[in-house]
Structures are given as C-alpha cells and as structure tokens.
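Here the structure is laid out as structure tokens; the discussion comes afterwards.
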Amino acid sequence: MVDLFKFFKKKDSSKDVAKERLKLVLIHDRSNVSPQFLEMVKSEIIRVIQNYMEIDEDTLDIQLTKTNSDDGERIVPALVANIPIKGMKNAGRQSL
Amino acid sequence: MGEVIVITSGKGGVGKTTTTANLGTGIALQGKKVVLIDTDIGLRNLDVVMGLENRIVYDLVDVIEGQCRLKQALIKDKRFEGLYLLPAPQTRDKNAVAPHQMVDLCEELKKEYDYIIIDCPAGIEQGFKNAIAGADRAFVVTTPEVSAVRDADRIIGLLEANEIRNPQLIVNRVRPDMVKRGDMMSIEDIIDILAIGLIGVVPDDENIIISTNRGEPAVNDSKSIAGQAYRNITRRILGEDVPFINLNNSDGFLAKMKKLFGIKPA
Ligand SMILES: Nc1ncnc2c1ncn2[C@@H]1O[C@H](COP(=O)(O)OP(=O)(O)OP(=O)(O)O)[C@@H](O)[C@H]1O
Ligand SMILES: [Mg+2]
Numbered sequence: 000m001v002d003l004f005k006f007f008k009k010k011d012s013s014k015d016v017a018k019e020r021l022k023l024v025l026i027h028d029r030s031n032v033s034p035q036f037l038e039m040v041k042s043e044i045i046r047v048i049q050n051y052m053e054i055d056e057d058t059l060d061i062q063l064t065k066t067n068s069d070d071g072e073r074i075v076p077a078l079v080a081n082i083p084i085k086g087m088k089n090a091g092r093q094s095l
Numbered sequence: 000m001g002e003v004i005v006i007t008s009g010k011g012g013v014g015k016t017t018t019t020a021n022l023g024t025g026i027a028l029q030g031k032k033v034v035l036i037d038t039d040i041g042l043r044n045l046d047v048v049m050g051l052e053n054r055i056v057y058d059l060v061d062v063i064e065g066q067c068r069l070k071q072a073l074i075k076d077k078r079f080e081g082l083y084l085l086p087a088p089q090t091r092d093k094n095a096v097a098p099h100q101m102v103d104l105c106e107e108l109k110k111e112y113d114y115i116i117i118d119c120p121a122g123i124e125q126g127f128k129n130a131i132a133g134a135d136r137a138f139v140v141t142t143p144e145v146s147a148v149r150d151a152d153r154i155i156g157l158l159e160a161n162e163i164r165n166p167q168l169i170v171n172r173v174r175p176d177m178v179k180r181g182d183m184m185s186i187e188d189i190i191d192i193l194a195i196g197l198i199g200v201v202p203d204d205e206n207i208i209i210s211t212n213r214g215e216p217a218v219n220d221s222k223s224i225a226g227q228a229y230r231n232i233t234r235r236i237l238g239e240d241v242p243f244i245n246l247n248n249s250d251g252f253l254a255k256m257k258k259l260f261g262i263k264p265a
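Taken in sequence, the protein lines are chains A and B.
So for the first sequence, numbering that gives the first Met the number 0 puts the first residue at 0; every next one is plus one.
So for the second sequence, numbering that gives the first Met the number 0 puts the first residue at 0; every next one is plus one.
Printed below as a string of structure tokens:
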C-alpha cells in the first residue's frame with residue numbers, strides 16, 4: 000500500500016534532492032563530529048548508564064547517522080547508540 | 000586607507016580567479032586604484048586571465064624576500080588606469096610565504112591603493128591561510144552544486160574562526176533555465192543553507208571563456224551578461240544599493256537573462 004502511494008507520488012526534483020543531501024552532510028560537517036566530540040558524548044552516556052546496568056564498554060558503538068522521519072517522508076539525522084548490556088545493577092532492579 | 004578583499008571558495012575551479020580579475024578591473028574602471036594579488040603559488044593563473052603574462056619580471060615571493068621593491072613587482076595594466084597585478088611565483092613552494100608577511104604586505108599596499116583584491120588558491124592549507132591573513136573582508140564563491148556549497152560552508156566556518164566576519168557570497172555559473180525546471184538549486188536555496196549575505200549572482204556565460212581566451216575581463220564587455228553581473232557587484236562593493244535579479248518572470252530565456260542582468264534588449 001505504502002509503496003503504491005510512493006509510486007504515484009511525484010518524483011522530487013533533483014534540486015530538492017541536492018538540498019536535502021546538503022543539509023544532512025552539513026549537519027555532520029558543522030557539528031565538528033570529530034572523534035573527540037563523539038568520545039565526549041560516549042563517555043557521558045557510559046557514565047549515566049553504568050549507574051543502572053553493566054555494559055560492555057569495548058564494543059559500545061555510537062554514531063551520527065541518518066534515518067527515516069516518523070512520517071517516512073524525509074531523511075533526518077539521528078544519533079544511534081549500540082550498547083551491549085552484560086547485566087543489571089541493583090540500583091536498576093530496585094527501581095523497576 | 001584601502002580595503003583588502005579576499006576571494007575564496009574551498010573547492011577548486013568555481014571561479015575565484017575569474018571573479019578577482021573582473022572585480023578588480025571593474026573597480027579600476029570606476030576610477031579607483033586597485034592591486035590584484037595572485038596567492039596561488041605554483042599554479043598562477045591570474046596573469047593569463049588578465050592578459051598580463053608576458054610582463055612578469057618579479058613576483059610575490061621576490062617582494063616578500065626583499066629581492067626587489069614592491070613597486071618593481073607591480074605590473075601596471077596599461078588598458079585600465081589605476082590597475083596593478085602582483086603575480087604569484089610559478090616555481091616556488093607554498094611555504095615561501097607566511098601569514099604575517101601577507102599582513103605586512105597588505106598594510107603597506109593599503110596606504111596607497113583603494114582596493115587590494117586577493118585571489119586565493121583552492122583548499123584550506125597554507126595558501127588559504129596566507130591569502131586570508133591580511134584581509135578585511137571576504138567573498139566566498141560557489142556554484143549551485145552540492146560539493147561546491149559544502150566546501151563554501153567549510154570556508155565560511157574557517158573565515159569566522161580567523162575573525163574575518165560576515166563573509167559575503169557570490170553564486171557563479173547560475174543557469175536560470177535549469178533553476179526553472181528544478182534541476183539547479185536557486186539562489187534562495189543556497190542562501191537558506193549557508194546563511195550568509197549575498198553580494199552577487201553571476202550567470203554561466205560563454206563570454207567568460209571567450210574573454211579569458213583573449214585575456215580581456217568580461218566586465219569591460221557591455222554585451223556580456225556575466226560582465227553585467229560583475230559590474231553590479233563592483234557597484235555594490237563601492238557602496239551602491241544595486242537590486243538583485245529576479246529569476247521568476249515569464250519572458251523567454253534570453254530576454255529574461257538580459258533583463259535579469261540589466262542589459263536592454265537590442
Ligand atoms: N560564469 C562563468 N561562466 C562560464 N564559465 C566560467 C564562469 N566562471 C568561471 N568559468 C570558467 O570556469 C573555469 C574555472 O574558473 P577559475 O579559473 O576562475 O576558477 P578558480 O576558482 O580560480 O579555479 P582554481 O581553484 O583552480 O584556482 C575557467 O575555465 C573559467 O573560464
Ligand atoms: Mg584560480
């Protein structure tokens with residue numbers, strides 16, 4: 000069904016595609032997504048989560064990427080974190 | 000006291016040298032004293048675009064190293080009163096010049112000339128740092144393409160980090176026919192993304208290639224639409240309020256282009 004709608008929807012003009020792509024690439028460029036920046040975010044996230052769970056710090060992965068917006072119309076930037084959990088801590092259990 | 004304007008872009012081949020030659024000539028045609036400096040060491044081009052390649056004796060590095068006096072290295076353009084070129088050396092290393100030396104050179108030139116226009120090399124390395132060091136003001140040249148606009152954004156960030164505030168944008172090689180059918184980003188699209196002020200829009204124009212073949216800047220050609228665009232930018236630099244073109248009217252393509260760039264129908 001959804002695909003059918005997409006099929007009939009008018010194709011974006013190439014300049015709209017260019018503009019969308021530029022906006023996304025500039026989010027990366029401007030946010031200075033240097034390894035240092037991501038490391039900073041990463042260590043903060045680890046610090047908070049560790050209060051509740053035991054996590055595998057070595058395989059933890061965090062990236063700035065793209066995903067479909069809720070309405071599926073556009074692509075939007077997203078911060079995606081993959082955090083393997085080894086176990087719950089007591090503080091976490093009690094509050095559940 | 001003169002003003003130093005650097006012409007930058009990030010991405011190569013978008014029209015920095017063409018812009019430098021045309022704006023410099025345009026300003027001289029308005030009766031001002033102008034020096035053009037080519038800072039593209041090893042890849043000089045401003046001399047050939049200006050048609051002055053046979054007159055080079057000394058260059059930028061000779062001046063900086065004290066091999067000659069500043070006046071000796073400035074090539075006087077005999078066609079345009081008040082216009083001078085300081086060429087780049089062709090066989091030296093980029094590191095032969097340091098930013099503080101460019102600052103001193105610009106200070107020296109500002110005492111005697113109204114405008115110093117600096118043609119920046121592509122990239123963000125040493126050549127870029129040298130080119131912007133002495134600048135009071137910067138123009139960022141882009142074309143309506145993803146890669147050029149992206150690099151322009153990077154340059155805008157670097158200019159601001161180097162305390163050259165409020166850079167202004169020149170969008171070059173615009174094709175209104177492509178903009179109209181939605182296959183080229185419009186000026187509004189680009190401004191929307193880069194969020195800086197606009198100083199000029201230059202159409203894609205084969206007269207640029209013809210005039211570059213001859214070594215005669217298009218700004219001096221009353222029939223060239225790109226030339227008209229450069230004349231408009233010149234007047235804006237000199238403080239006049241020249242209205243911008245409107246890309247949405249219903250005339251035929253050529254008539255529209257001519258109207259947009261202020262040329263009366265023949
Ligand atoms: N408005 C225009 N219409 C048509 N051709 C153009 C226009 N502007 C520039 N060009 C052409 O594009 C080419 C590159 O221009 P130019 O040498 O000015 O770019 P540049 O930014 O100085 O390049 P580089 O980064 O190599 O120094 C030249 O062949 C020039 O003639
Ligand atoms: Mg050049």
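Beta carbons are placed, not taken as given, at the ideal position from N, Cα and C, and that holds for glycine.
Q: Could you tell me which of B:Ser221, B:Leu69, B:Gly30 and B:Asp76 sits nearest to Gly214 (chain B), measuring between CA atoms?
A: Selection B:Ser221, B:Leu69, B:Gly30 and B:Asp76 evaluated against Gly214 (chain B) yields B:Asp76 as nearest (Cα-Cα).
Report the neighbours of Arg149 (chain B) on chain A: residues whose CB is nearer than 8 angstroms to its CB, in chain order. What Arg149 (chain B) touches in chain A: Leu21, Val24, Leu25 and Asp28.
With distances taken Cα to Cα, identify the nearest neighbour of Leu28 (chain B) among B:Ile198, B:Asp220, B:Ile63 and B:Val241.
Selection B:Ile198, B:Asp220, B:Ile63 and B:Val241 evaluated against Leu28 (chain B) yields B:Asp220 as nearest (Cα-Cα).
Inter-residue spacing [alpha-carbon to alpha-carbon] between Arg149 (chain B) and Asp39 (chain B) | Between Arg149 (chain B) and Asp39 (chain B), the C-alpha separation is close to 22 angstroms.
(message) On the criterion of 16 or more Cβ atoms from any shown chain inside 10 Å, does Ala160 (chain B) qualify as buried, or is it exposed?
(response) It counts as exposed.
Proximity winner among B:Val139, B:Met184, B:Leu168 and B:Ile169, relative to Pro175 (chain B) (alpha-carbon distances)
Per the Cα distances, B:Met184.
Exercise. Listing by chain order, which chain A residues have their CB less than 8 angstroms from the CB of Arg153 (chain B)?
Worked result: Correct list: Asp28.
*Which term fits Met0 (chain B), buried or exposed, when burial requires 16 or more other beta carbons within 10 angstroms of its beta carbon?*
When all chains shown are included, Met0 (chain B) counts as exposed.
Out of B:Pro98, B:Thr16 and B:Val48, point me to the one whose CA is closest to Gln125 (chain B)'s CA.
-> The residue with the shortest Cα to Cα distance from Gln125 (chain B) is B:Pro98.
**Report entry** Bridge partners - Leu35 (chain B), DSSP secondary structure assignment
**Finding:** Bridge partners of Leu35 (chain B): B:Leu84 and B:Ile116.
Three-state secondary structure (DSSP) of Ile40 (chain B): Note: Ile40 (chain B) maps to coil in three-state DSSP.
Q: Could you check what DSSP says for Lys85 (chain A) in three-state terms: helix, strand or coil?
A: Residue state for Lys85 (chain A) is assigned as strand, using DSSP reduced to three classes.
For the region 129-146 of chain B, which residues have a beta carbon sitting closer than 9 angstroms to at least one beta carbon of chain A?
-> Within the region 129-146 of chain B, the qualifying residues are Pro143, Glu144 and Val145.
**Item:** Straight-line gap, Cys67 (chain B) to Leu85 (chain B) (C-alpha atoms, nearest Å)
**Value:** Our two residues, Cys67 (chain B) and Leu85 (chain B), have alpha carbons roughly 12 angstroms apart in a direct line.
(request) Out of A:Ala17, A:Ser12 and A:Lys88, point me to the one whose CA is closest to Tyr51 (chain A)'s CA. (result) Ranked by Cα distance from Tyr51 (chain A), the first of A:Ala17, A:Ser12 and A:Lys88 is A:Lys88.
Item checked: Through-space distance from Gly65 (chain B) to Leu42 (chain B), alpha-carbon basis -> Going by the C-alpha atoms only, they are around 22 angstroms apart.
Check the C-beta distance from Thr16 (chain B) over to Leu59 (chain B) and give it rounded, since I have them as a contact under 8 angstroms.
Contact check for Thr16 (chain B) and Leu59 (chain B): beta-carbon distance about 15 angstroms, past the 8 angstroms limit, so the pair fails to qualify.
Does the Cβ of Thr211 (chain B) lie closer than 8 angstroms to at least one heavy atom of ligand 1? Correct: Thr211 (chain B) has its Cβ closer than 8 angstroms to ligand 1.
Can you list, in chain order, the residues of its chain with a C-beta nearer than 6 angstroms to that of Gln167 (chain B)? Leave out the 5 residues immediately preceding and following it.
The residues Phe138, Gly196 and Ile198, in chain order, have a CB closer than 6 angstroms to that of Gln167 (chain B) in the same chain once the five nearest residues on each side in sequence are set aside.
Whose C-beta lies closer than 8 angstroms to the C-beta of Glu53 (chain A) among residues of the same chain, with five residues either side of it excluded?
-> So the list reads Ile84, Lys85, Gly86, Met87 and Lys88, once near-sequence residues are dropped.
Rounded to whole angstroms, what's the CA-CA distance from Ala194 (chain B) to Val170 (chain B)? Just pull it up for me.
For Ala194 (chain B) and Val170 (chain B), the distance between alpha carbons rounds to 13 angstroms.
So the alpha helix (DSSP H) Phe127 (chain B) belongs to, where does it begin and stop?
-> Residues Gln125 to Ala132.
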